[in-house]
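Counting from 5, one number per residue, gives the positions in the sequence shown under the numbering used here.
Data block below; observations after.
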Amino acid sequence: MTNSRVLAAQTLLQLVDQGRSLNDLLPSRREQLPEEERGFYQQLVYGCARHYLSLDELTRKLLDKPIQRKERVVHMLLVVGLYQLWQLDLPEHAALYETVDGTKTLKKPWAAKLLNAALRRFQREGDELIAGLQNSAGYPGWLTRQLRQAYPDQWQAVMDAGNVQGPMTLRVNQSRIQRDDWLALADNEGLEATACEQTPSAVTLAQPVPVLAIPGFSDGDVSVQDEAAQQCALLLAPEDGERLLDACAAPGGKTGHLLESAQIEVTALDIDDSRLQRVTENLDRLGLSAHLQAADAADLNAWWDGEPFDRILLDAPCSGTGVIRRHPDIKLLRRPKDIDFLTQVQDRLLAQLWRTLKPGGRLLYATCSILPRENSARIAAFLQRQSDAQRVSLTLAGDAPAEFGVQWLPQPGGHDGFYFALLEKAEATA
Numbered sequence: 005m006t007n008s009r010v011l012a013a014q015t016l017l018q019l020v021d022q023g024r025s026l027n028d029l030l031p032s033r034r035e036q037l038p039e040e041e042r043g044f045y046q047q048l049v050y051g052c053a054r055h056y057l058s059l060d061e062l063t064r065k066l067l068d069k070p071i072q073r074k075e076r077v078v079h080m081l082l083v084v085g086l087y088q089l090w091q092l093d094l095p096e097h098a099a100l101y102e103t104v105d106g107t108k109t110l111k112k113p114w115a116a117k118l119l120n121a122a123l124r125r126f127q128r129e130g131d132e133l134i135a136g137l138q139n140s141a142g143y144p145g146w147l148t149r150q151l152r153q154a155y156p157d158q159w160q161a162v163m164d165a166g167n168v169q170g171p172m173t174l175r176v177n178q179s180r181i182q183r184d185d186w187l188a189l190a191d192n193e194g195l196e197a198t199a200c201e202q203t204p205s206a207v208t209l210a211q212p213v214p215v216l217a218i219p220g221f222s223d224g225d226v227s228v229q230d231e232a233a234q235q236c237a238l239l240l241a242p243e244d245g246e247r248l249l250d251a252c253a254a255p256g257g258k259t260g261h262l263l264e265s266a267q268i269e270v271t272a273l274d275i276d277d278s279r280l281q282r283v284t285e286n287l288d289r290l291g292l293s294a295h296l297q298a299a300d301a302a303d304l305n306a307w308w309d310g311e312p313f314d315r316i317l318l319d320a321p322c323s324g325t326g327v328i329r330r331h332p333d334i335k336l337l338r339r340p341k342d343i344d345f346l347t348q349v350q351d352r353l354l355a356q357l358w359r360t361l362k363p364g365g366r367l368l369y370a371t372c373s374i375l376p377r378e379n380s381a382r383i384a385a386f387l388q389r390q391s392d393a394q395r396v397s398l399t400l401a402g403d404a405p406a407e408f409g410v411q412w413l414p415q416p417g418g419h420d421g422f423y424f425a426l427l428e429k430a431e432a433t434a
């Protein structure tokens with residue numbers, strides 16, 4: 005039988021040493037375990053990824069010399085054991101025994117004594133070792149430096165928020181049911197939920213639950229979507245009869261919200277054909293439809309018919325630094341050079357999609373990044389280049405100053421980190 009701790013160690017090895025994302029790794033790995041062990045396995049993997057840089061530092065303090073490269077899976081099993089003792093409310097003897105027992109599954113009996121000694125030492129000296137960590141937040145140095153520069157008074161709180169699992173937030177489909185009515189329905193079924201103050205469609209659950217246990221989910225009354233992501237449709241504010249473009253649509257949450265908001269025609273693009281299947285599934289559940297097309301949104305010849313759009317949502321590819329709490333592998337996979345590449349992609353998308361917007365039309369630029377280089381700096385550069393573009397003031401309150409647009413930072417128990425900037429195209433002059 006597959007050991008969940010061993011499987012977590014093997015998954016971490018592929019994440020850290022091969023650079024594979026958890027979105028790629030987890031689905032097939034989970035299938036190797038009985039249903040009742042999958043949640044614990046996922047908790048181990050996400051937790052170890054979230055704290056990996058700190059846990060890795062602890063292994064160096066606990067071991068006289070590093071474990072050989074060819075035995076890296078043993079190193080990862082030690083990481084899994086340390087995570088349980090440090091971060092999880094488990095009986096310590098069980099966490100230690102089950103982790104050490106994993107060496108049998110790996111057929112590496114020599115490692116049992118090594119892991120047992122290291123984990124028992126952590127039991128004795130853990131508080132002192134943790135207090136001496138150089139990287140207690142578990143963020144890569146380059147990202148810590150950029151966050152300190154961008155948010156000199158908030159960077160520590162931002163990183164702390166990124167180390168706590170985000171809440172489960174829902175979008176109420178207000179074309180089908182009012183938020184207060186859905187909250188009453190949830191209360192009747194014993195599901196604790198609260199309305200989000202800044203977003204009239206959003207409710208946050210006190211505890212995450214399986215989607216099929218959510219009242220009205222299967223019928224399209226609600227969808228799982230963070231409060232910040234819900235702001236996109238609200239800020240773009242489509243009106244009946246308009247043609248809209250959702251330029252980077254997968255997995256389709258924002259596409260669905262746009263279609264719930266008004267009687268509109270939506271073209272939804274994504275560069276990845278396989279990801280468009282998720283859009284189809286989401287829209288089918290909501291009983292909605294859009295024109296879906298697999299294409300690079302910046303390659304107009306590949307998809308645009310020349311008919312301009314009234315409004316465009318550009319939820320641009322980005323670093324994902326505003327959603328690290330939901331995707332902790334970002335800490336391990338993202339590199340500084342990625343930001344250089346992404347800013348070029350963002351500039352190209354803005355420039356090309358602007359050509360498809362009607363005079364008088366509006367484009368919402370959004371990212372789930374908290375790095376100013378991907379946000380205000382992109383809008384500033386675009387406005388300098390594009391004489392017929394003007395920004396539209398937003399009344400939405402931000403969490404940090406932004407030269408252009410609104411910057412939300414991840415909030416414990418609240419919304420993800422997100423950036424929004426609304427642009428309007430000048431009317432053609434005679």
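Just so you know, even glycine gets a beta-carbon here, dropped at the ideal spot from N, CA and C.
No experiment lies behind these values; they were computed from the predicted model shown.
Go ahead and label residue i buried or exposed: buried means 16 or more other beta carbons lie within 10 angstroms of its beta carbon, across all protein chains shown.
i, result
"Trp186", "buried"
"Val327", "buried"
"Asp319", "buried"
"Pro242", "buried"
"Tyr101", "exposed"
How long is the line joining the alpha carbons of residue i and residue j, rounded to whole angstroms?
i, j, result
"Asp300", "His261", "22 angstroms"
"Thr347", "Cys322", "8 angstroms"
"Thr198", "Gly166", "22 angstroms"
"Ser227", "Cys200", "15 angstroms"
"Ala425", "Ala272", "20 angstroms"
"Val162", "Leu354", "28 angstroms"
"Tyr56", "Gly142", "6 angstroms"
"Gln297", "Ala406", "34 angstroms"
"Ile316", "Ser380", "18 angstroms"
"Asn7", "Leu67", "24 angstroms"
"Leu292", "Ala190", "24 angstroms"
"Ser397", "Arg339", "33 angstroms"
"Gln91", "Ile181", "40 angstroms"
"Ser32", "Thr15", "11 angstroms"
"Pro219", "Ser278", "29 angstroms"
Report yes if the C-beta distance between residue i and residue j is below 8 angstroms; otherwise report no.
i, j, result
"Arg42", "Arg34", "yes"
"Gly421", "Thr325", "yes"
"Thr2", "Leu123", "An answer regarding residue 2 cannot be provided, because it is not within the stretch 5 to 434 covered by the chain."
"Ala393", "Leu387", "yes"
"Leu450", "Ala251", "Absent from the model: residue 450. The displayed extent of the chain is 5 to 434, so no value can be given."
"Val49", "Ala99", "no"
"Gln415", "Gly402", "no"
"Ala302", "Arg352", "yes"
"Leu119", "Leu82", "yes"
"Asp333", "Leu37", "no"
"Leu62", "Gln46", "no"
"Lys258", "Ala233", "yes"
"Leu86", "Glu96", "no"
"Val207", "Val176", "yes"
Which residues mark the beginning and the end of the beta strand (DSSP E) in which residue i is found?
i, result
"Lys429", "422 to 429"
"Leu209", "206 to 209"
"Ala114", "Checking the sequence, you will find Trp at residue 114 rather than Ala. Here Trp114 belongs to no beta strand (DSSP E); instead the alpha helix (DSSP H) covers 114 to 135."
"Trp308", "Premise fails: Trp308 is in no beta strand (DSSP E) and is neither H nor E."
"Tyr155", "No beta strand (DSSP E) contains Tyr155, which DSSP labels as neither H nor E."
"Asp250", "247 to 250"
"Pro219", "Looking at the DSSP string, Pro219 is not in any beta strand (DSSP E), and its letter there is neither H nor E."
Starting from residue i, trace the alpha helix (DSSP H) in both directions and tell me its first and last residue.
i, result
"His419", "Note, His419: premise wrong, no alpha helix (DSSP H); not H, not E."
"Pro340", "340 to 358"
"Ser8", "8 to 22"
Does the contact criterion of 3 or more C-beta pairs under 8 angstroms hold for the region 242 to 249 versus the region 266 to 282? yes
Do the region 216 to 230 and the region 170 to 181 make contact, defined as three or more Cβ pairs closer than 8 angstroms? yes
contact_flag[the region 213 to 227, the region 236 to 243] where n(CB pairs < 8 angstroms) is 3 or more: no
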